[in-house]
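First comes the structure, then the notes that go with it.
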Amino acid sequence: MRVLLPHDEREDVTLRPAATAKVWLGVGQNHETVAVPGVALGRHDVLVVIELSTVCGSDVHTVSGHRTAPAPLVLGHESVGRIIAVGEGGVEDAEGQTLRVGDRVVWSVTVSCGTCDRCTAGVGQKCRALAKYGHERIEPRWELTGGFATHAHLRAGTTIVRVPEALPAATLAPASCATATAWAALERASRTHALETARVLVLGAGLVGLSAVAIAADAGAAVTVVDPSPQRRAFAEKFGATALATPGENADIVIEASGHAVADALAAADVAGHVILVGSVFPAAPVGLEAESVVRRLLTISGVHNYTGRDLAGAAAFLAGRGRGYPFDEVVGAQYGLDDVDAALAAASAPGAPLRIAVNPR
Ligand SMILES: [Zn+2]
Ligand SMILES: [Zn+2]
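According to the numbering used here, the sequence shown is numbered sequentially starting from 545.
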């Protein structure tokens, strides 16, 4: 349960024209527009004007009813924007540097308290008082909760990372979901294997998979990616992978990034291998586990869901640095205006859709 500050400890920010958010009401219904003429910023809160948001696969799963979500809800959790107001007490980025009005930023999908047992154990993405952008029923004083809006109200406990002006918005918007999740998966892999000498197999060449390919390849790993789509395989090669239609040789690190190839992932790990499950973020039939084989192969199996603030900072630094060598700016296939958010979601769920569809509120 979150505790809201009394109103006199909040800072009122008036917006003229009003901010607008697209509110999802349920499966089969078009979005409604909600106008938000003012925001009450609590201590360490931040108000951001959104430059660009991208549609994640989980937004598509929600609107198609493959997973349940509380409506009314502002979807979208992959965004880049610019700070236009900072609440009492100021706010710092992931490195402890003061953030200021005018900074271009990305922010974590999660809002964590920082003090509960899970936060202090380093798994703030599972905070006891967790809130998530793009996932919460809108409530009074916190309407601007998702990416499909002109503005986002970032609450204290959000990891905010400053990003360079020179990077394309299309590269940066997915940082707070796909890239940071891939970074978290490779961080987990690096606990058992040195990436520079590892054979890495990535199952699924969606944006999480492709990001994992680039991060692993850049670290020196020999990376193979498996995806049934010839277009995605061709694109994956530009990210540094050998691309196959079906798994070939076994690997030291197997990253399952599709949610559809868990059995293949378990089968493809070599002795002392590490299988990292990251794509299973929607309900699916259980997968059999051949326990004897897991034991005899000395396997490690990890689940990775979302990421820590440090992972987001690492992912953003990668995109701003060595990641420039990979075509992250080509992942957005089309942009839609905010009023066309229903069409954007339909385009993102169409067969053969590009890796990302963007929603541009400006
Ligand atoms: Zn996502
Ligand atoms: Zn917490």
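Positions of the beta carbon are idealized from the N, C-alpha and C atoms, including for glycine.
Take residue 607, set aside five residues on each side of it, and the residues of its chain with a beta-carbon closer than 8 Å to its own are 568, 571, 619, 889 and 893, in chain order. The three-state secondary structure of residue 563, taken from DSSP, is strand.
Under the three-state reduction of DSSP output, residue 582 falls in the strand class. Secondary structure at residue 664: helix, using DSSP grouped into helix, strand and coil. Runs of the alpha helix (DSSP H) spanning 4 or more residues and lying entirely within the segment 658-717 occur at 661-664 and 713-716, in chain order. In the DSSP annotation of this structure, the continuous segment of the beta strand (DSSP E) that includes residue 654 starts and ends at 648-655.
Taking 8 Å as the cut-off, the beta carbon of residue 901 is found closer than this to the beta carbon of residue 599. The continuous stretches of beta strand (DSSP E) do not include residue 734, and DSSP gives it neither H nor E. In this structure the segment 752-763 does not lie against the segment 837-852, because fewer than three pairs of beta carbons, one per stretch, are closer than 8 Å. Residue nearest to residue 828 within the set 633, 802 and 666 is 802 (criterion: CA-CA distance).
Secondary structure of residue 605 (DSSP, three-state): helix.
Using a C-beta cut-off of 8 Å, the segment 734-751 makes no contact with the segment 677-690, since fewer than three inter-stretch Cβ pairs fall below that distance.
Nearest C-alpha to residue 791 among 612, 784 and 767: 767. Residue pairing by DSSP places residue 568 opposite 617 in a beta bridge. In terms of side-chain proximity, the C-beta atom of residue 648 is found no nearer than 7 Å to any non-hydrogen atom of ligand 2. Secondary structure at residue 595: strand, using DSSP grouped into helix, strand and coil.
Here residue 835 is exposed: its Cβ has fewer than 16 other Cβ atoms, across all protein chains shown, within 10 Å.
Checking the 7 Å criterion, the Cβ of residue 824 is out of range of every heavy atom belonging to ligand 1. Per DSSP, the beta bridge partners of residue 880 are 903. Per DSSP, residue 822 has no beta-bridge partner at all. Taking a cut-off of 8 Å on C-beta distances, the segment 803-819 does not touch the segment 773-784, as fewer than three cross pairs fall below it. With fewer than 16 other Cβ atoms from the protein chains shown falling within 10 Å of its own Cβ, residue 573 counts as exposed. Between ligand 2 and the CB of residue 658, the shortest heavy atom gap is smaller than 7 Å. Boundaries of the beta strand (DSSP E) harbouring residue 847: 844-847, taken from the DSSP string. Pairing residue 880 with residue 784 gives a Cβ-Cβ distance that is not under 8 Å. In this structure residue 726 is not in contact with residue 820, their Cβ atoms being roughly 10 Å apart against a cut-off of 8 Å.
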